[in-house]
Structures are given as structure tokens and as C-alpha cells.
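Trainee: Mind having a look at this structure? Questions to follow.
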Amino acid sequence: MGSILVTGGAGYIGSHTVRVLLAQGAQVVVLDSLVTGHKEAVPAEVPFYLGDICDAGLVKTIVESQEVEAVIHFAARSLVGESMAKPDLYFYENTAKTNLFVSNLLQLGVNKIVFSSTAAVYGLPETVPISEESPTSPINPYGLSKLMIEASFHWLEKAYGLKWVALRYFNAAGASLDGSIGEEHLPETHLIPLVLKAALGQRDAIQVFGTDYNTLDGTCIRDYIHVLDLAEAHVLALKALDQQSNSGVYNVGTGQGYSVLQVITSAKKVTGIDIPVVEVARRSGDPDVLIAKVAKIEKTFGLKTRYSDLETIIASAWRWHQNNPDGYKSKS
Ligand code: UDP
């Protein structure tokens with residue numbers, strides 16, 4: 369049995385996936401540039417390579433010395449706002465580099481890849497829940513940078529027999545159950561970490577972006593999936609890759625949505641803190657409701673989410689924030 373190369377294994381979702389792989393007895397090797405990842409998030413026993421996915425020499429060394437048989441590719445930029453300001457950066461970092469990386473992998477004889485995609489490929493959906501057949505029409509460069517790779521994989525499959533799964537993440541959330549690794553983005557823009565930073569007193573209040581959406585309480589509804597369930601989805605996808613017919617795109621969510629106010633109410637309950645809330649204007653580009661249709665991944669890979677109820681998500685994230693109020697020690 370060869371090893372699994374995890375690019376971006378020092379990042380939020382990557383580091384949780386590395387742990388799930390190890391727990392299942394896989395041999396794992398990490399390649400990360402540490403531009404946004406944190407070395408401390410990678411267990412000491414995992415071979416770690418500092419570098420870039422487009423460094424062909426380094427990729428060759430890793431593949432050959434570690435006998436890599438498949439890749440889970442997380443390494444990417446993932447801030448929507450940054451992608452609006454610097455679209456060229458996203459098309460280079462996420463699209464061009466991945467294209468080169470996968471081309472090198474194929475030349476080295478590695479033809480199995482699980483790829484981090486995003487619900488941002490759908491843009492503003494016409495109907496919810498969103499199925500994989502829904503039209504793709506991203507409204508930001510981040511979503512497009514990922515969609516272009518999905519489309520390229522279709523052709524690489526035909527030409528070279530690439531076996532691939534692109535997982536379209538909805539809202540990843542939560543932390544490891546022991547609170548030792550978790551979510552840290554610089555700058556932080558996501559709802560759950562920001563609510564918990566307000567609970568810790570690191571921010572004055574949580575801002576609610578818009579209360580006039582077409583939802584029950586007027587705030588946006590999202591499909592939050594626990595990062596451990598998301599990690600499990602990658603491992604299941606990897607196992608299913610031997611069958612070429614499984615190649616394709618898959619939503620990863622729970623099929624259930626929570627509003628911004630429901631998240632805040634749950635955070636107040638879990639933390640026991642009356643977190644100050646301020647209602648402000650809408651943030652641009654936020655659809656009212658984003659909920660995944662998850663039948664495809666459940667049926668094909670047998671994914672059953674175990675940790676994605678709101679309370680477990682928030683309790684695990686709270687443990688991480690309390691244990692690490694300043695986040696990771698190494699600031700990348
Ligand atoms: N949100 C909010 N206040 C914040 C951050 C986010 O009200 O400080 C809302 C945001 O408008 C969206 C939801 O929370 O409706 C989830 O946002 P997040 O940035 O976590 O994820 P996204 O759905 O944008 O990927």
C-alpha cells in the first residue's frame with residue numbers, strides 16, 4: 369500500500385483530514401507552503417514537505433520517495449473577498465498551479481485525486497436544495513477558479529484516465545473534538561469563529577449581515593457541516609476512486625440549514641455567554657438560502673454525518689477557541 373499525499377495538510381480542513389486518515393491506518397504525507405497553513409496542525413509523525421504544489425522537482429521527490437498512490441488536494445486560496453480584489457491571484461494559485469500539479473502527477477503515474485471544490489460554483493441558485501445538476505454560475509473568482517479545475521478534470525479523465533472526485537463544500541465548521549486543532553483564517557470572515565471571538569470578548573459584538581432576507585427570521589440560511597464529517601467524506605471518496613464510474617462532482621453538506629440568528633442563539637447556549645449582537649446591512653453577494661442536496665454522496669460513498677448538529681459544531685469550535693484564544697502560535 370502506498371501513501372496518500374495531502375496538499376494543504378496544514379490548513380483547516382486538510383489537518384482534520386490528515387487525522388482521520390491516520391486513525392484509519394493510512395500512510396500520509398503532507399505538502400504545504402505554510403502561506404495560510406500552520407505547521408503545528410500537522411502531527412509530528414507525518415512526513416512534512418514545505419513547498420509549493422507547482423515545484424515539479426519537489427513533487428517528483430515526494431511521489432517517488434513516499435510511494436504516493438493518491439492525492440487529496442486542499443492547497444488553495446479560499447477567501448471570497450480577496451478573490452474579488454485579486455482575481456488574477458486566484459486564477460494563478462488555484463487554477464494554473466493545480467493544472468500544472470495534476471499534469472505532473474499524471475506523468476509520475478499518480479492518477480487518483482480528491483479535490484476541494486466549493487458550493488461557490490453554483491453562484492446564486494435558482495432552487496434549493498441545490499443538486500449537482502443545478503447550473504453552475506459562480507459570482508466570484510474563487511468559485512470560478514475551482515469550477516475551471518472541475519471542468520479540466522473531465523477532459524483529463526478522457527485523455528489520461530484521471531480518477532477524480534471534486535467535493536463541493538457547503539459551510540465547513542467546528543473543530544476537532546479535543547479542541548486541539550481548529551479554524552483560523554487571517555483575516556477571519558466566517559460566522560462561527562466570529563461569534564465565538566465575540567463570546568471571548570475579543571470583539572465587541574457579532575454583526576448580523578442583513579435581517580430582510582426571504583427566510584423565516586430574515587437572516588441567511590446556510591448548510592453547516594462539521595469539519596470531521598467533511599474530512600470523512602474525503603476518505604470515503606478516496607476509497608471509492610478505484611471505480612472510474614465514481615469520478616465526478618459531489619456536494620458535501622447535511623441537507624439541513626440554519627439561520628444566522630439560530631447559530632448565534634446556539635452559541636449563546638453553548639458558551640453560556642450573552643454575546644452582544646448588532647444588526648447591520650447586508651453583505652454583498654450573499655444568497656438567502658444555501659442548502660445542499662446530499663443524496664449523491666450518501667448513496668455513492670455512504671457518507672453519514674455524525675457531528676454536524678449545530679450544538680456539536682459550536683461546542684467543538686468553542687473548545688478550540690477557549691484552548692487557543694490567540695489561535696495557532698505560528699502565524700503564517
Ligand atoms: N455572517 C454574518 N456576520 C458575520 C459573518 C457572516 O451575519 O460577521 C453571515 C453571512 O452573511 C452568511 C452567513 O453568516 O449569511 C455565513 O457566512 P460565512 O462567511 O461564515 O460563510 P459563507 O456562507 O459566506 O461561505
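Under our numbering, the final residue of the sequence shown carries the number 700; numbering is consecutive throughout. Virtual Cβ for every residue (Gly too), placed ideally from N, Cα, C. Quick caveat, the model's predicted, so the values are computed rather than measured.
1. Strictly by DSSP, which residues pair up with Lys480?
2. Would you tell me roughly how many angstroms separate the C-alpha atoms of Thr557 and Thr463, rounded to the nearest one?
3. Do Leu530 and Phe538 have their C-beta atoms closer together than 8 Å?
4. Does the distance between the C-beta of Leu562 and the nearest non-hydrogen atom of the ligand UDP fall short of 7 Å?
5. Which whole-angstrom value is the C-beta distance of Ser484 and Leu535, which I expect to be below 8 Å?
6. Which partner residues does Tyr510 have in the DSSP bridge list?
7. Taking Gln575 as part of the beta strand (DSSP E), name the residues at either end of that continuous run.
8. Whose CA, out of Glu500, Pro503, Asp456, His602, lies closest to the CA of Val386?
9. Confirm the yes/no value for this check: CB of Leu535, any heavy atom of the ligand UDP, distance under 7 Å.
10. Please report the residue range of the beta strand (DSSP E) in which Gly616 lies.
11. Quick one: which unbroken alpha helix (DSSP H) runs of 4-plus residues sit fully inside the region 407-478? Chain order, please.
12. What are the partner residues of Tyr626, as DSSP defines its beta bridges?
13. Using a 10 Å radius around the Cβ and a threshold of 16 neighbouring Cβ atoms, would you call Val427 buried or exposed?
Mentor: The short version:
1. Lys531
2. 23 Å
3. no
4. yes
5. 6 Å
6. According to DSSP, which records beta bridges pairwise, Tyr510 is partnered with nothing at all.
7. 574-577
8. His602
9. no
10. 616-620
11. 424-433, 448-453, 455-458, 465-475
12. Arg590
13. buried
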